[in-house]
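Those sequence lines, one after another, are chains C and B.
Reading the first sequence from the start, the letters are residues 1 to 471 in this note's numbering.
Reading the second sequence from the start, the letters are residues 1 to 314 in this note's numbering.
Reading through the structure tokens given below for one structure.
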Amino acid sequence: MGASFYNEMHAADGSVRPHYGGFAEWLDSTPPERIARRRAEADLAFHRVGITFAVYGEDAGTERLIPFDIVPRIIPAAEWTALAAGLKQRVRALNAFLKDIYHDQEILAAGRIPPEQVLNNGQFREEMRGVDVPDDIYAHIAGVDVVRAGEGEFYVLEDNLRVPSGVSYMIEDRKMMMRLFPELFARHKIAPVLHYPDLLFDSLGAVAPKGVERPNVVVLTPGAFNSAYFEHTYLAQQMGVELVEGRDLFVRDDTVWMRTTQGPARVDVIYRRVDDDFLDPLAFRKDSMLGVPGLLSAYKAGRVTLANAIGTGVADDKSIYPYVPEMIRFYLGEEPLLNNVPTYMCRKAEDLAYTLANLADLVVKEVHGAGGYGMLVGPAATREEIAEFRKRLEAHPERYIAQPTLSLSNCPTFVESGIAPRHIDLRPFVLSGEQIRMVPGGLTRVALREGSLVVNSSQGGGTKDTWVLEA
Amino acid sequence: MLSRTADHLYWMSRYIERAESTARLLDVTWQMSMVPQSAESANQNWHAVILLNSLEDAFFAKYKQATAANVLHFMISDAENPSSIHACLRMCRENAHAVRGTITSDMWETLNATWLDLESHRFDASISSGPGEFFEWVKLRSSLVRGATLGTMLQDEAFHFIRLGTVLERADNTARILDVKYHVLTPGPDQGTTDFYQWGALLRSVSAFEVYRKTYRAGISPARVAELLILHPGMPRSLMFCMRALVKSLGLVANSHSGETQRRAGQLYSELRYGRIEDIFARGLHVFLTDFMRRIEGLGNGIQHDFLEAMQTT
Numbered sequence: 001m002g003a004s005f006y007n008e009m010h011a012a013d014g015s016v017r018p019h020y021g022g023f024a025e026w027l028d029s030t031p032p033e034r035i036a037r038r039r040a041e042a043d044l045a046f047h048r049v050g051i052t053f054a055v056y057g058e059d060a061g062t063e064r065l066i067p068f069d070i071v072p073r074i075i076p077a078a079e080w081t082a083l084a085a086g087l088k089q090r091v092r093a094l095n096a097f098l099k100d101i102y103h104d105q106e107i108l109a110a111g112r113i114p115p116e117q118v119l120n121n122g123q124f125r126e127e128m129r130g131v132d133v134p135d136d137i138y139a140h141i142a143g144v145d146v147v148r149a150g151e152g153e154f155y156v157l158e159d160n161l162r163v164p165s166g167v168s169y170m171i172e173d174r175k176m177m178m179r180l181f182p183e184l185f186a187r188h189k190i191a192p193v194l195h196y197p198d199l200l201f202d203s204l205g206a207v208a209p210k211g212v213e214r215p216n217v218v219v220l221t222p223g224a225f226n227s228a229y230f231e232h233t234y235l236a237q238q239m240g241v242e243l244v245e246g247r248d249l250f251v252r253d254d255t256v257w258m259r260t261t262q263g264p265a266r267v268d269v270i271y272r273r274v275d276d277d278f279l280d281p282l283a284f285r286k287d288s289m290l291g292v293p294g295l296l297s298a299y300k301a302g303r304v305t306l307a308n309a310i311g312t313g314v315a316d317d318k319s320i321y322p323y324v325p326e327m328i329r330f331y332l333g334e335e336p337l338l339n340n341v342p343t344y345m346c347r348k349a350e351d352l353a354y355t356l357a358n359l360a361d362l363v364v365k366e367v368h369g370a371g372g373y374g375m376l377v378g379p380a381a382t383r384e385e386i387a388e389f390r391k392r393l394e395a396h397p398e399r400y401i402a403q404p405t406l407s408l409s410n411c412p413t414f415v416e417s418g419i420a421p422r423h424i425d426l427r428p429f430v431l432s433g434e435q436i437r438m439v440p441g442g443l444t445r446v447a448l449r450e451g452s453l454v455v456n457s458s459q460g461g462g463t464k465d466t467w468v469l470e471a
Numbered sequence: 001m002l003s004r005t006a007d008h009l010y011w012m013s014r015y016i017e018r019a020e021s022t023a024r025l026l027d028v029t030w031q032m033s034m035v036p037q038s039a040e041s042a043n044q045n046w047h048a049v050i051l052l053n054s055l056e057d058a059f060f061a062k063y064k065q066a067t068a069a070n071v072l073h074f075m076i077s078d079a080e081n082p083s084s085i086h087a088c089l090r091m092c093r094e095n096a097h098a099v100r101g102t103i104t105s106d107m108w109e110t111l112n113a114t115w116l117d118l119e120s121h122r123f124d125a126s127i128s129s130g131p132g133e134f135f136e137w138v139k140l141r142s143s144l145v146r147g148a149t150l151g152t153m154l155q156d157e158a159f160h161f162i163r164l165g166t167v168l169e170r171a172d173n174t175a176r177i178l179d180v181k182y183h184v185l186t187p188g189p190d191q192g193t194t195d196f197y198q199w200g201a202l203l204r205s206v207s208a209f210e211v212y213r214k215t216y217r218a219g220i221s222p223a224r225v226a227e228l229l230i231l232h233p234g235m236p237r238s239l240m241f242c243m244r245a246l247v248k249s250l251g252l253v254a255n256s257h258s259g260e261t262q263r264r265a266g267q268l269y270s271e272l273r274y275g276r277i278e279d280i281f282a283r284g285l286h287v288f289l290t291d292f293m294r295r296i297e298g299l300g301n302g303i304q305h306d307f308l309e310a311m312q313t314t
């Protein structure tokens, strides 16, 4: 089975692919001790800088590092150009879809998506019906998970439109590689990614409420105990804006203010890293301590911009995902440039039957699941696990989708036994402001366990620097 | 800037300053304990450390006697003692973590590395045999943080809240050291040598021994030590120096609420600026210091109230 996986660095005959030539040469000619020393240095530096994942609690031991691998994932220019065009197309269609379903719902009327799929979806926010958002942009920041099955053959695995994270690791991984192996950057033309915070700041400023000249942008975090807190604080710092918590903000006269040492200051754009449910206890979960009472009302009055918009979750839901190619055709009148993974929707009788008959070969996911939880990876599961999952599926088929096990590509990775192939994916970040922009690359995640297809950091995955080689 | 951010910055700097002050005090007490003396007098010095930090109740609830080992453990690593060096560095790091985007990477990394080093327990073995190296380390880390702050941070509002925390904590600490030493050092029959060592030790604890020599070119006398630590405008740990810095930073962050706090700070500063050590001694050093500490505490409360507690409407 292993032989059938596409290896990013080596062709089937064992030869090094041309775009990895420079790196392979460097790897061969660099003494292993030097590489080992640099890898240890990277660990130490990540620790000192506190580039941590998971939580910082009373017990300092709960701060974890995401393992960083020094073998880069390299993408040739032509491949990236095609991929980037596909990603932009996808995000344009998703934004059009979000505008449509919160306004005229033409795509439902046209019978292209079953209305109950959207209207009964837990992520659909009735509160957003008829609300106009600046420039009709809903998903200002999208993290699209992409996997490669073969040469030039990319599949979109998931569109993350709520609060996609990981971009800080993309930047820090690049900085670390530049610091540890400057000679590699001298011999390759690697497209830069470090200006991402500038693009983000521009995109956020561009969508401020009408008439605001110099918008006050803030980043809203759930707080220091959130698993992505490092990223929140990092982005606020890099953009030079305030990092606020719900308790720092209040709403008066449908306007959002933050409490400063000089008294209240008006807030115009909130890059929120808090889920819809917790944003406003008056509108959503009453028990939320993370949000700001009255925020929804100020938002609906057009006095503040939220990025991403409330209710974007309905477009990245796994039950909506199968319809994205249809959205591209419907709104843009174009053929999709990127593939979807064939998806069986278990709420359909024939799809359920197929899924139940082929459990051992499929990946089954909970529609609302995230972080690699609540899923069955058929080929890697035991007989008992499959039997157990079968029961769950039969009880609630509508909660699941199934997909064929993709042969995710491999990339050489440092593991205990030396360098060995491990499965990877890629999360590029697509920014929508006045225009759609992205930095070349993204976050490459790697499954460190042999054979594992799960790359999530909450499941012990690591990260790699992603190089897009300029032509 | 956010009130909450200012609050974290202010306490971050208070805690690291407090850790440094405690290390200095313990260090000098440790060194004094090596001067030939009776066990009673040695314990008196260790007791003074507890007294100085107003920790008698907490300490004697756990320990019978203020011996070197007990006091060192209590003041260095006891997790239950919120004033221990360990606790101060932990709280400093927690406050910094909450605002790590506001301070520079240099500052954050210096603070974070300090905490990681402390947590690696590499000092545990050495502390019981001779804690000197540990105290040097604490002073060095505090100096590094201060250096990173001065060397990399924009001198904006955030900087001045850090500064306020530092000088307020430091002024309080210098006043406490003077006050307690003055109590402990009740003049006895054999004054000469004791004075030299005890007041000399006090000077060393604030790194002012050489400064004293340079300034006065004379023997160590309590009045001159007090003058140096209270009124000298160029001595970085003197009350005068701290108050001048406090008035300046306070003026730079002032808001529409802070008038009264500024007035009080300015008044206290003026009293030092135009004060004479003879008058202070005539009034009574202890009375003067008690009054100073009370007013410093009032300024701390004023800063907390005027800037750091979130203001809802005005």
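Note that beta-carbon positions come from the ideal geometry of N, C-alpha and C, so glycine has one too.
- About 7 angstroms separates the beta carbon of residue 97 of chain C from that of residue 331 of chain C, a gap short enough to meet the 8 angstroms contact definition.
- In this structure, residue 280 of chain C sits near residue 293 of chain C, with a CB-CB distance shorter than 8 angstroms.
- With the rule of 3 Cβ pairs closer than 8 angstroms, the segment 81-89 of chain C does not count as touching the segment 22-33 of chain C.
- Between residue 378 of chain C and residue 386 of chain C the beta-carbon gap is near 7 angstroms, inside 8 angstroms, which marks them as a contact.
- Shown in chain order are the members of the segment 225-238 of chain C whose Cβ falls below 9 angstroms from a Cβ of chain B: 229, 230, 232, 233, 234, 235, 236, 237, 238.
- By the C-beta density criterion, residue 286 of chain C is exposed, having fewer than 16 other C-beta atoms within 10 angstroms.
- The shortest CA-to-CA distance from residue 4 of chain B to any of B/99, B/38, B/52 is the one to B/99.
- Per the coordinates, the alpha-carbon of residue 468 of chain C lies some 14 angstroms from the alpha-carbon of residue 173 of chain C.
- It is roughly 38 angstroms from the alpha-carbon of residue 309 of chain C to the alpha-carbon of residue 380 of chain C.
- DSSP places residue 239 of chain C within a helical segment (H, G or I) once states are collapsed to three.
- When C-beta distances to chain C are compared with 8 angstroms, the residues of the segment 141-168 of chain B below that value are 157, 161, in chain order.
- As computed with DSSP, residue 159 of chain C is found in a beta bridge with C/144.
- Here residue 1 of chain B really is in contact with residue 158 of chain B; their C-beta atoms are around 6 angstroms apart, less than 8 angstroms.
- For a Cβ distance threshold of 8 angstroms, nothing in chain C lies close to residue 123 of chain B: the least Cβ distance comes to about 16 angstroms.
- For residue 3 of chain B, the chain C residues whose C-beta falls within less than 8 angstroms of its own C-beta are 248, 259, 260, 261, listed in chain order.
- Taking residue 144 of chain C as reference, the option from C/150, C/136, C/154, C/135 with the minimal CA-CA separation is C/154.
- Taking every protein chain shown into account, the CB of residue 181 of chain B has 16 or more other CB atoms within 10 angstroms, so this residue is buried.
- The segment 193-205 of chain C makes no contact with the segment 94-108 of chain C; the number of CB pairs closer than 8 angstroms stays below 3.
- Of all residues in the segment 101-112 of chain B, those with a C-beta nearer than 8 angstroms to a C-beta of chain C are 101, 102, 105, 108, 109, 112, reading in chain order.
- Look at residue 253 of chain B: its C-beta is under 8 angstroms from a C-beta on chain C.
- Beta-bridge partners of residue 219 of chain C (DSSP): C/243, C/271.
- The residue among C/207, C/300, C/325 with its C-alpha nearest the C-alpha of residue 343 of chain C is C/325.
- When secondary structure is reduced to three states using DSSP, residue 334 of chain C falls in the coil class, being assigned neither helix nor strand.
- With respect to residue 313 of chain C, residue 162 of chain C sits close: the two C-beta atoms are nearer than 8 angstroms.
- A residue is called buried when at least 16 other Cβ atoms come within 10 angstroms of its Cβ; residue 462 of chain C meets this threshold and is buried.
- Burial of residue 70 of chain B is indicated by the presence of at least 16 other C-beta atoms within 10 angstroms of its C-beta.
- At a Cβ-Cβ threshold of 8 angstroms, residue 239 of chain C and residue 182 of chain C do not count as neighbours.
- Put simply, of C/395, C/327, C/339 the residue whose alpha carbon is nearest the alpha carbon of residue 356 of chain C is C/395.
- Inclusion of residue 444 of chain C and residue 39 of chain C in the CB contact set at 8 angstroms is not warranted, their separation being larger than that value.
- Between residue 448 of chain C and the set C/207, C/419, C/124, C/441, the nearest pair of CA atoms involves C/419.
- In the three-state reduction of the DSSP assignment, residue 344 of chain C falls in the strand class.
- Partner residues in the beta bridge of residue 307 of chain C, as assigned by DSSP, are C/271.
- Shown here, residue 415 of chain C sits in a strand according to DSSP, grouped into three states.
- Across the set B/228, B/241, B/292, B/104, the C-alpha of B/104 shows the shortest separation from the C-alpha of residue 148 of chain B.
- By a beta-carbon distance limit of 8 angstroms, residue 194 of chain C does not contact residue 41 of chain C. Their separation comes to about 20 angstroms.
- Less than 8 angstroms separates the beta-carbon of residue 428 of chain C from that of residue 441 of chain C.
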